[in-house]
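What follows is a single structure, written as structure tokens, with notes after it.
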Amino acid sequence: MISTSYDENLINESTLCGCVPNSNYIKDDNTTFNISDCRFNSSYFDLDLTKLTKDNNNNTEVNLLINKWYTPLVSNYQKYIFKSSLNEIYFEKLELQQNKSLIFEVNCIVNNLVITSTANYIFKHSLTINNIIMNNKNYSDSMLFKIQGLLNDNTNTLTVCGHRAVMKNHTETICMCMYVYNYYLYPSPLKGVAPLDCVNDKCTPSLILSINNNNYTLMSQTWEKIIFYIDNVTLLTSNQKFISTTYCDINSKVIVSGGFYIENVHLYQNAKIVVNNDGCLRLSNIYFDDIFSNGNQTGIIEIYGENGQIQ
120 MISTSYDENL INESTLCGCV PNSNYIKDDN TTFNISDCRF NSSYFDLDLT
170 KLTKDNNNNT EVNLLINKWY TPLVSNYQKY IFKSSLNEIY FEKLELQQNK
220 SLIFEVNCIV NNLVITSTAN YIFKHSLTIN NIIMNNKNYS DSMLFKIQGL
270 LNDNTNTLTV CGHRAVMKNH TETICMCMYV YNYYLYPSPL KGVAPLDCVN
320 DKCTPSLILS INNNNYTLMS QTWEKIIFYI DNVTLLTSNQ KFISTTYCDI
370 NSKVIVSGGF YIENVHLYQN AKIVVNNDGC LRLSNIYFDD IFSNGNQTGI
420 IEIYGENGQI Q
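What the sequence shown shows, in the working numbering, is residues 120 to 430, in sequence order.
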């Protein structure tokens, strides 16, 4: 059954039965556990990893050849790295918890994802979720966890922007890359592990670029949306490269020195676009603010030089 529920009893449910491996390499034989049920009925048991050895960096690497468990039990303030030569691992229940750090370097299937907080979890490959159990906290302005692979949420509750797993009803801020002082800042609600996706060209098409810097220079990049927070921003590209975006709101002066492609642009009262020599502005759909003055004689778009162009 696929659903999203808010049952406090389900959130607090536990098997109270843990299988404690005697090695970080959990084999599918009689050497890892003293109890045979841990091998043959593993999906009914917690996998207790709290007694495993860790390295000098406080990391515990876990290699799983028994890949179906009820839930993992881990220690606070310790990083657990899950690996497997098998195609995937399965947990009946996985809870997002503060002070826990989990990295999954294998495809992961979770029947019940329990959300009681944001978590320092990283899924480097695919994550499939069949059911989501939540408390009543509002997570619309939170990155729940980091995911670098494909998210398959069968409840249609979560989505991904960049490497950030967020609620479908997320705020605009949580998917922002804020360009200030010539480098990227991440939104303050992003606690725990930084997604490091603002400089990843494969991630930016689902992210929002917020520019609060007078110059923005790059080779080539595509964004979901671009917002200008200050006046007189110059967009610089080189070697026939371009900046492109699906959406852009302009209520200030923007100077284009290079390629700037906008699929949907919303022009407000103070909007002005200046295309310099060798600049190229490409607009697909233009929308005007309701209070935009039809008597504006200064021009919304100005083109300078022989090579400046608008398409």
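C-beta atoms are modelled at their ideal positions from N, C-alpha and C, and glycine is treated no differently.
- Excluding its 5 nearest sequence neighbours in each direction, residue 280 has C-beta neighbours in its own chain below 7 Å: 294, 325 and 326, listed in chain order.
- Using a Cβ distance threshold of 8 Å, residue 297 and residue 334 do not count as a contacting pair.
- Between the alpha carbons of residue 355 and residue 336 lies a distance of about 5 Å.
- Between the C-alpha atoms of residue 169 and residue 291 there is a straight-line separation of about 38 Å.
- Residue environment: residue 189 is assigned as buried (16 or more neighbouring CB atoms within 10 Å of its CB, all protein chains considered).
- A Cβ-Cβ separation of about 11 Å leaves residue 159 out of contact with residue 138 under the 8 Å criterion.
- Taking C-beta atoms as the reference points, residue 230 and residue 250 count as a pair closer than 8 Å.
- Around the beta carbon of residue 329, 16 or more other beta carbons sit within 10 angstroms, so the residue counts as buried.
- Going by DSSP, residue 159 is part of the alpha helix (DSSP H) stretching over 156–159.
- Residue 382 counts as exposed, since fewer than 16 other beta carbons sit within 10 angstroms of its beta carbon.
- For residue 292, no beta strand (DSSP E) encloses it, and the DSSP letter there is neither H nor E.
- Per DSSP, residue 282 has no beta-bridge partner at all.
- In the DSSP annotation of this structure, the continuous segment of the beta strand (DSSP E) that includes residue 210 starts and ends at 207–215.
- Sixteen is the threshold: when 16 or more other Cβ atoms of the shown chains lie within 10 Å of the Cβ of residue 376, as they do, the residue is buried.
- Within the same chain, Cβ atoms closer than 8 Å to the Cβ of residue 349 are found at 330, 331, 332, 333 and 371, the five residues on either side in sequence being excluded.
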